[in-house]
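The sequence shown begins at 400 in the numbering used here and counts up one residue at a time.
Heads up, the beta-carbon is just placed ideally off N, CA and C, and yes, glycines get one too.
All of these numbers come straight from a predicted model, not from anything done at the bench.
See structure below.
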Amino acid sequence: IDVVRDGHQAVGATVKYGLGPEMLPPVTEATATVGEAPLTVAAGTMKEPGFLRLVATAVIDGRTYRGVGTAGFAPERILPTQVNPPDFDAFWDAERKRLAALPLDAKWTPLPDYGTSEVDCSQINLQNVGLTAGTSRLYGILCMPRAAGKYPAVLSVPGAGVRPYRGLTELAGRGLITFQIGIHGIPVIQPQEVYDSLASGGLSGYPTFGLDSRERYYYRRVYVGTLRANDFLTSLPQWDGRNLGVTGGSQGGALSIVTAGLDRRVTRLVAYYPALSDVTGYVNQRAGGWPHMFRAVEGPNVHRDESKINTTQYYDVVNFARRVTASGFYSWGFNDETCPPTSMYAAYNIIAAPKRLVLAYDTGHRTTQEQVDEGNDWLAGELTGRARSSADAR
C-alpha cells in the first residue's frame, strides 16, 4: 500500500485497510502508519477459484482517499451459483410468440442535427409487448449510412440509468447500420431534466421492480424489446441479410449476452463488464452481480425471499450465456466493484461459442479508450469482413 502526494511518499499517513473475498465483509482489518517505504500486507491465498480484494483508505487534510487492489485465483474455473430452470426455454419461447403477434408499427422522426455528412439519423419508436398485458413502445436512435448499398447492422443496448441518446454515428460512418435503444419505453430525445426527474422519481430503483414475479419483473419487457429492435433492423431493406451484432456495457453488457442468447439472428456480440450475472452469488457466500439485490441479509432493502430468488433464474445472464452461439468479444477489469469479476467470469466461463476476453486488470467499472477502440474494431471488422490492425486503430 503506497500513499503518494505530489509524487512523494506521504510519510506518517495513517492507512486503514480491509482484506478478503471481493464484496464480502473483510476477513482482516488493520490500521498502520506509512513510513519511507510502502506497506506490505500478507494477503495469504484462496483455496477456491475467486478474487481476493484489499481496500485501503487514508485521510489527509480532512479528505479521504481510497485505493483498491484485486487478485484473481483460477478465475477460469469459476462456475455459476444460479439455477438453470427446466422451463427456461419454454418461458422465453412464449415471450417470442407474444411479440410475434404484434406488428412493428415503426414510427420515424428524422433528426438532421444528429447526423453527419455520411450518416442520417432518426428517432424510431416501435410497438413492443406490455409488461403483463397490452402493448408498450420502444424508442431508439437509428444511424444509417447515406450511401446506397447493403450493410451489416448493430444493436446498441444501454447501461443502467435513465438518459437521452444520440446514436452511434462513428460506427455508422464505418459502414454499419446502428440502432441505439433505451429500455424504459420513453422517447430518447427529451431534455435532460426529464430523465433526471424520472431517475429520482418513478424509475428510481427500477432494477428490482416486480422482482417477486417472473411475469411482473421489470426486465421482462426489456429483454423482449431487444428482440423487437432486431426485428426492426432485420426488416430494413438496407440490411445485408446476414450480419447482426449487439454491443453494450454494464446493464448493456448483460443485454448483449441476453440478446445473443435469445436471438439466433445475432452473429457477433461485444459485452463490457456485464451486469445481472450470477446475482445469487451472495446467497452462496460469494460476490453476486449488479444490482446486488441479494447482498443484504437484513434491513429495509433486503430481497432474500424464495419468490425473488426464483424470478432471477429466468433473467440471470448466466442462463442466457449457456445459450449463446455467436462469437463474442468481452472485456472488464479486476477492480470492478459494481459488476464484480467473480460474477462476470461465472457467465463467461460457460459460454461455449467462440470468445475473446480482453482484461484491463486495474480498471474498475469503466472502460479505457483502448478497450472501446479494440471492441469497436473487432465488431466492425467481424461484421464487414474488413478487420483493422491495432496500428490502424491508433
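State yes or no: is the C-beta of residue i within less than 8 Å of the C-beta of residue j?
| i | j | result |
| --- | --- | --- |
| Val665 | Ala725 | yes |
| Tyr617 | Phe608 | yes |
| Leu668 | Ser655 | yes |
| Asp677 | Pro479 | yes |
| Val716 | Val657 | yes |
| Leu503 | Val528 | no |
| Asn748 | Glu475 | yes |
So that I know if they touch, is there some Cβ in chain D lying closer than 8 Å to that of residue i?
| i | result |
| --- | --- |
| Pro739 | No chain D is present in this structure, which holds just one protein chain. |
Excluding the 5 residues flanking residue i on each side, which residues of the same chain have their C-beta closer than 7 Å to its C-beta?
| i | result |
| --- | --- |
| Pro563 | Val587, Ile588, Gln589, Gln591, Tyr594 |
| Val403 | Ala409 |
| Pro509 | Ser521 |
| Gly350 | Examination of residue 350 is not possible in this model, given that the chain is present from 400 through 793 alone. |
Please go through the same chain and pick out, in chain order, the residues whose beta-carbon is closer than 6 Å to the beta-carbon of residue i, but skip the five residues on each side of it.
| i | result |
| --- | --- |
| Ala455 | Ile400, Val414, Tyr416, Gly466 |
| Trp777 | Phe728 |
| Ile580 | Gly539, Ala628 |
| Gly558 | Gly648, Ser649, Gln650, Gly651 |
| Ser789 | With a pLDDT of 41 at Ser789, under the threshold of 50, the modelled position of this residue cannot be trusted, and the question is left open. |
| Ser706 | Asp611 |
Candidates the options: which alpha carbon is nearest residue i's?
| i | options | result |
| --- | --- | --- |
| Ala571 | Cys542, Ala598, Lys549, Ile582 | Cys542 |
| Gly468 | Pro739, Leu635, Tyr671, Pro557 | Pro739 |
| Gly449 | Ala473, His702, Val426, Val433 | Ala473 |
| Gly784 | Arg476, Gly600, Arg641, Thr508 | Arg641 |
| Arg495 | Leu525, Asp460, Arg536, Leu626 | Leu626 |
| Ile585 | Leu635, Gly601, Pro424, Ala552 | Gly601 |
| Ile582 | Ala686, Ile576, Arg613, Gly560 | Gly560 |
Tell me the rounded alpha-carbon separation between residue i and residue j.
| i | j | result |
| --- | --- | --- |
| Pro544 | Gln637 | 9 Å |
| Ala792 | Asn775 | Because the pLDDT at Ala792 is just 36, under 50, the model does not fix this residue reliably, and the point stays unresolved. |
| Glu447 | Tyr513 | 50 Å |
| Thr568 | Ala429 | 50 Å |
| Thr463 | Tyr681 | 28 Å |
| Val723 | Thr741 | 20 Å |
| Glu421 | Ser730 | 19 Å |
Beta-carbon within less than 8 Å of residue i's beta-carbon, same chain only, minus the 5 sequence neighbours each way: which residues are those?
| i | result |
| --- | --- |
| Thr767 | Ala759 |
| Arg497 | Val528, Val623 |
What runs of the beta strand (DSSP E), each 3 residues or longer, lie entirely inside the segment 653-677? 667-671
Whole alpha helix (DSSP H) elements within the segment 473-552, 4-residue minimum: 487-499
Only counting runs of 3 or more residues, tell me where the beta strand (DSSP E) segments fall wholly within the segment 717-748, in order along the chain. 726-731
Ranges of the alpha helix (DSSP H) found wholly within the segment 592-651, counting only runs of at least 4: 618-634
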